[in-house]
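Q:
Chains as they are written, first to last, in our numbering: chain D, 13 to 485; chain F, 101 to 496.
This is the structure in structure tokens:
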């Protein structure tokens with residue numbers, strides 16, 4: 013069930029009506045049931061895996077608390093168990109045909125169809141939340157949850173499972189256990205976010221994706237460099253609007269149920285440094301990586317090498333963090349190159365900052381801010397090459413960038429969509445509010461909403477919505 | 101003093117705006133509602149309803165505007181979304197013909213051979229001489245149309261225009277499994293075609309009823325083309341690829357270059373290679389036969405006439421091995437026609453058109469088309485007089 017489909021819309025409306033009618037005590041049970049119905053509709057195997065992981069972590073968590081002088085065996089078992097399950101399913105389609113072939117070769121038996129499933133959507137995001145939960149309990153920052161329904165709902169809350177945002181256990185468990193109210197402001201904000209998400213995904217991202225020639229990334233040699241460069245920028249906007257659109261929709265839906273999920277994107281193209289984009293792009297993952305990889309590693313290194321300006325202290329935590337991020341996306345050499353590139357950008361920024369003290373980005377002259385934005389966008393675009401293609405294709409793409417003999421570019425619609433994406437970001441950035449549109453005069457709100465309805469209606473005609481890019485990770 | 105005055109004015113405006121906003125917010129709102137988690141004073145639906153009304157108003161205005169010829173002429177050509185310009189052009193022409201004449205009595209279906217070989221004006225004239233009755237006939241021959249695409253398209257058009265006779269021109273060439281794959285795929289999935297076969301969809305309904313929507317689809321189709329295809333060039337482009345036809349759908353021979361077979365007989369008579377290459381690796385496709393049967397089954401609703409579209413008589417001289425294949429396919433078509441009690445007109449053995457009447461090995465030029473169309477009109481009239489077909493001009 014795609015979250016941009018009418019089916020999902022009907023499912024959410026049905027759930028909302030029942031949810032509002034139910035007494036508060038029954039709402040968590042109902043949400044849990046609705047979440048499992050949703051996953052079963054997506055792939056019934058996912059429900060089983062999710063239930064198994066939920067029970068595993070629920071039963072293990074009370075035992076993982078840090079005890080002085082003892083090896084944290086339960087913690088390691090929990091971490092390895094979670095990673096193992098995700099790893100197994102993520103690379104199922106790689107292993108199963110080979111195993112099946114071997115099994116058939118030796119015994120004549122085939123692996124049953126039951127196990128021949130695609131990678132269950134959302135499991136990678138579940139992994140990060142489970143690890144966060146176990147580590148928080150281990151560090152005594154959170155008490156192990158005693159209520160199975162609350163914990164199961166934390167694991168399965170349907171709007172966020174497909175591709176995040178990656179919620180902090182404490183934040184979401186408190187919301188689940190505590191009283192919730194839905195006010196007019198929540199309804200307005202939730203609906204605005206959903207509309208914004210639909211526009212980002214169906215109007216901007218899908219139109220931009222359609223503007224990129226099919227063979228551009230597979231056979232870059234067939235295209236002039238100008239087209240490759242422009243399409244690379246277009247692709248950066250595709251990824252952004254695709255994922256930001258998804259996030260807006262799920263955050264809007266959650267808001268209608270009285271849950272405020274973590275913000276995931278904050279006008280990333282207005283970042284003036286690479287460390288700033290880190291806090292504006294896929295924020296929930298960035299914070300997870302900061303708290304559970306970067307900070308522990310930095311502290312551990314500082315305990316051994318006391319000088320914070322030492323190159324190892326400067327570079328290694330950042331690089332390792334980015335490698336972890338890359339491997340979380342996909343285990344491949346190209347992804348490692350992507351992680352290394354992002355890591356190097358950030359290390360360079362840190363080293364430059366130490367060498368030459370500069371003002372905070374907000375206080376710099378406008379031309380420097382604009383220059384910074386352009387530089388960040390260019391570097392992000394370059395890093396997208398190994399993110400989108402395997403290593404061989406990436407090299408072919410880079411080689412093809414030398415062909416400046418002719419000029420070609422996507423149609424005007426691509427530039428209009430990029431402009432629209434930046435305009436939405438600019439309004440949010442300037443108003444420091446993701447639903448800044450609600451503060452506009454009523455006349456303009458009506459015009460904007462009508463335009464959004466029309467744009468979504470028109471854009472979805474004759475073109476089925478493409479699957480979300482981040483759903484695949 | 102002046103500054104204070106300005107401040108006062110600004111303050112008053114702010115207060116007025118706030119009051120207006122408050123009033124606005126109360127407009128069209130329901131409440132108060134307090135129910136468990138949901139605790140709202142008013143359901144904020146005013147903006148939503150106004151936006152929906154505005155959106156609907158804009159769509160309506162577009163629809164009204166697109167129905168004015170002056171506006172329509174400036175817009176991209178309307179399309180039903182099959183990505184086939186000729187199909188779109190012909191649908192427009194047929195619509196116009198049905199509107200101006202009040203009815204369409206006869207639809208002629210088939211591939212480019214039908215498009216290029218049958219001039220309805222000549223055919224109707226010959227028919228009138230035979231029966232004394234006049235009919236309105238439209239040639240819906242499309243380049244690249246094969247039976248699997250023709251069947252749903254014919255059903256859709258029969259449902260829409262309710263003609264009194266359907267002539268389907270077929271040839272062994274169109275029964276090849278490789279023929280018309282692209283168009284078939286598009287037609288089978290097209291919401292408008294499906295809508296006319298009883299499968300409702302919003303897209304299908306909109307294409308049928310909204311002129312603005314058809315223009316929009318045309319725009320989408322064009323915007324996907326390469327940059328050199330600009331709106332202003334469409335007319336010229338259509339002429340180049342021979343899409344322009346007479347008001348009755350027949351290929352406009354003034355635009356299509358006239359040639360005789362003599363031009364084809366240079367060093368290599370087989371230089372009209374496409375057809376010959378196709379025939380050399382010819383394989384009759386079961387799906388094509390099934391589709392042909394579906395077309396013949398339309399005979400339960402309206403009379404159907406099956407027509408053999410002829411090739412240049414010398415084709416078999418070039419391809420002596422092809423004769424048994426040809427006979428086999430024609431035999432199968434004949435069997436199907438008999439099973440459905442449909443009249444099947446053979447034309448190949450008659451050698452109706454001489455060398456001068458051919459454009460290439462499978463298409464006639466204007467001279468040939470006139471001869472063939474006259475013969476078809478006479479045959480049709482004869483069949484009506486013999487009672488083998490009901491007169492399309494007289495049926496209720």
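No residue lacks a Cβ here, since even glycine has one placed at the ideal position from N, Cα and C.
(1) Which term fits residue 82 of chain D, buried or exposed, when burial requires 16 or more other beta carbons within 10 angstroms of its beta carbon?
(2) Answer yes or no: do residue 268 of chain F and residue 191 of chain F have a C-beta to C-beta separation smaller than 9 angstroms?
(3) Would you report the Cα separation of residue 269 of chain D and residue 259 of chain D, rounded to the nearest angstrom?
(4) Contact criterion: CB-CB distance below 9 angstroms. Does residue 185 of chain F meet it with respect to chain D?
(5) So that I know if they touch, is there some Cβ in chain D lying closer than 9 angstroms to that of residue 151 of chain F?
(6) Does DSSP put residue 140 of chain F in a helix, in a strand, or in coil?
(7) So is residue 66 of chain D in contact with chain F if we call contact Cβ pairs under 9 angstroms?
(8) What's the call for residue 25 of chain D, buried or exposed, on a 16-neighbour Cβ count within 10 Å?
(9) Would a check of beta-carbon distances place residue 16 of chain D closer than 9 angstroms to chain F?
(10) Quick one: Cα of residue 337 of chain F to Cα of residue 351 of chain F, how far?
(11) Could you work out which residues of chain F lie near residue 466 of chain D, taking near to mean beta carbons separated by less than 8 angstroms?
(12) So what's residue 237 of chain F in DSSP terms, helix, strand or just coil?
(13) For residue 99 of chain F, collect the residues of the same chain with a Cβ closer than 6 angstroms to its Cβ; drop the 5 residues on either side in sequence, then sort them by chain order.
(14) Less than 9 angstroms between CB atoms is the rule here; does residue 241 of chain D satisfy it with respect to chain F?
(15) Which of the residues in the region 273 to 300 of chain F, read from start to end, lie with their CB under 7 angstroms from any CB of chain D?
(16) Select from the region 233 to 260 of chain F all residues with a C-beta closer than 8 angstroms to any C-beta belonging to chain D, and list them in chain order.
(17) Determine which residues share a DSSP beta bridge with residue 406 of chain F and list them.
(18) Which of the three DSSP states, helix, strand or coil, is assigned to residue 88 of chain D?
(19) Could you check whether the Cβ of residue 32 of chain D sits closer than 9 angstroms to any Cβ belonging to chain F?
(20) Hey, could you find the ends of the beta strand (DSSP E) residue 210 of chain F is sitting in?
(21) Keeping to the same chain, check which residues put their C-beta closer than 6 angstroms to that of residue 399 of chain F; ignore five residues upstream and five downstream.
(22) Relative to the alpha-carbon of residue 385 of chain F, which residue among F/428, F/413, F/416 has its alpha-carbon at the smallest distance?
(23) Excluding the five sequence neighbours on either side, which residues of its own chain have a C-beta within less than 8 angstroms of the C-beta of residue 39 of chain D, listed in chain order?
(24) For residue 493 of chain F, count neighbouring Cβ atoms within 10 angstroms of its own Cβ and tell me buried if that reaches 16, exposed if not.
(25) Against chain F, which members of the region 301 to 323 of chain D pass a CB distance test of less than 7 angstroms?
(26) Across which residues does DSSP place residue 194 of chain D in a beta bridge pair?
(27) Under a Cβ-count criterion, where at least 16 other Cβ atoms within 10 Å of its own Cβ denotes burial, should residue 370 of chain F be classed as buried or exposed?
(28) Which of helix, strand or coil does DSSP assign to residue 243 of chain F?
(29) Using the Cβ count rule (16 or more neighbours within 10 Å means buried), how would you classify residue 419 of chain D?
(30) Can you pull the chain D residues whose beta carbon is under 7 angstroms from the beta carbon of residue 61 of chain F, in chain order?
(31) How should residue 524 of chain D be labelled, buried or exposed, when 16 other C-beta atoms within 10 angstroms of its C-beta is the threshold for buried?
(32) So, is the C-beta of residue 391 of chain D closer than 9 angstroms to a C-beta in chain F?
(33) Is there a C-beta anywhere in chain D that falls below 9 angstroms from the one on residue 303 of chain F?
(34) What distance in whole Å lies between the Cβ atoms of residue 467 of chain D and residue 211 of chain D, which are believed to be in contact at a cut-off of 8 angstroms?
(35) What is the rounded straight-line gap between the Cα of residue 291 of chain F and the Cα of residue 297 of chain F?
(36) Quick one: which residues of the region 148 to 178 of chain D get their C-beta closer than 9 angstroms to a C-beta of chain F? List them in chain order.
A: In short, the structure shows the following:
(1) exposed
(2) no
(3) 16 angstroms
(4) no
(5) yes
(6) It is a strand residue.
(7) no
(8) The residue is exposed, with fewer than 16 neighbouring Cβ atoms inside 10 Å.
(9) no
(10) Confidence is the limiting factor: at residue 337 of chain F the pLDDT is only 47, short of 50, which leaves the residue's position unreliable and the question unanswerable from this model.
(11) 155, 158, 159
(12) strand
(13) Nothing in the structure corresponds to residue 99 of chain F, since chain F is present only between 101 and 496.
(14) no
(15) For the region 273 to 300 of chain F, the set of positions with a beta-carbon nearer than 7 angstroms to some beta-carbon of chain D is empty.
(16) none
(17) Note: residue 406 of chain F sits in a beta bridge opposite F/268, F/444.
(18) helix
(19) Residue 32 of chain D counts as touching chain F.
(20) 206 to 210
(21) Excluding the 5 residues flanking it on each side, residue 399 of chain F has same chain C-beta neighbours closer than 6 angstroms at 440, 442, in chain order.
(22) Nearest option by C-alpha distance: F/428.
(23) Within the same chain, residue 39 of chain D has close Cβ partners 31, 192.
(24) That one is buried.
(25) Listed in sequence order: no entries.
(26) F/138
(27) Here residue 370 of chain F scores only 47 on pLDDT, less than 50, and its place in the model should not be relied on; the value that follows carries that caveat. Exposed, by the Cβ-count rule.
(28) coil
(29) So residue 419 of chain D counts as exposed.
(30) In the structure as shown, chain F starts at 101 and stops at 496, and residue 61 of chain F therefore has no counterpart that could be examined.
(31) Nothing can be reported for residue 524 of chain D, as the shown portion of chain D is limited to 13 through 485.
(32) Chain F, which has no Cβ nearer than 9 angstroms to the Cβ of residue 391 of chain D, makes this no.
(33) yes
(34) 6 angstroms
(35) 10 angstroms
(36) Taken residue by residue, none of the region 148 to 178 of chain D has a beta-carbon sitting less than 9 angstroms from a beta-carbon on chain F.
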